[in-house]
Structures are given as structure tokens and as C-alpha cells.
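Student:
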Amino acid sequence: MKKKGVEMSMNVIIIAAIGLLILLILAFLVVNYVGKTNEGLKSCSVAYGGICKTDCGDLGPATTEQTDCDTGQKCCKVVG
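Its first residue numbered 596, the sequence shown is counted upward by one per residue in the working numbering.
Written out as C-alpha cells, the structure is:
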């Protein structure tokens, strides 16, 4: 009778360990995906279809300041 109780405890521990491993893998994948998405959002050309310029002129400035443009440049895009 005691042996069966020990086997059940071991099964629960093994299942819990597998579950934790799966959760860790999923957490890693989500964090990795979010990081790549954030990098894409900072790209002037990818996120806004724009170009980096010091003066936008006829083009409208993008709505964010956090882009991959060089210092002193803005992400400009066609408005309309």
C-alpha cells in the first residue's frame, strides 16, 4: 500500500516538472517574440513606410520619436 502512494507522489512530481519546463519554454518564446516586435516598431521604414530626414518638408512626421533614425533626423512619411 505504501509503495503505491510513493509512486503517485513521484508521478505528480514528474508531471509538475514537465509542466514547469513547458512554461519556461513558452515564456522564453513569448519574450523573444516581443523583443523582435519592439525592434520592428522602432524601424522607420518598416513600421511607418517612411524615410529618415532632417526636415520632413511636404512629408508629415511620424507619430513617434523612438525610431532608428540618426540623431537630429525624424521619421517622415507621406501624409494622406
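For each residue, glycine too, the CB sits at the ideal point set by N, CA and C.
Looking only at C-alpha atoms, which of Asp-653, Lys-648 and Gly-614 sits nearest to Gly-667?
Tutor: Within the sequence shown, numbered from 1, the residue matching residue 667 stands at position 72. Here the closest residue by C-alpha is Lys-648.
Student: With 16 other CB atoms within 10 Å as the buried threshold, where does Gly-644 fall?
Tutor: Here residue 644 corresponds to residue number 49 of the sequence shown, with the count starting at 1. The residue in question, Gly-644, is exposed, as its Cβ has fewer than 16 Cβ neighbours within 10 Å.
Student: Short of 6 Å in beta carbon distance, which residues of its chain neighbour Cys-664, apart from the five on each side in sequence? Order them along the chain.
Tutor: If you number the sequence shown from 1, residue 664 lands on position 69. Hits under 6 Å: Cys-639, Cys-647 and Cys-670.
Student: In this structure, how does DSSP classify Cys-670 when only helix, strand and coil are distinguished?
Tutor: What you label residue 670 is simply residue 75 of the sequence shown in a count that begins at 1. Here Cys-670 sits in strand by DSSP.
Student: Go to Cys-647, then tell me how far its beta strand (DSSP E) extends in each direction, as first and last residue.
Tutor: As a working note, residue 647 is residue 52 in the sequence shown. Per DSSP, Cys-647 belongs to the beta strand (DSSP E) from 646 to 648.
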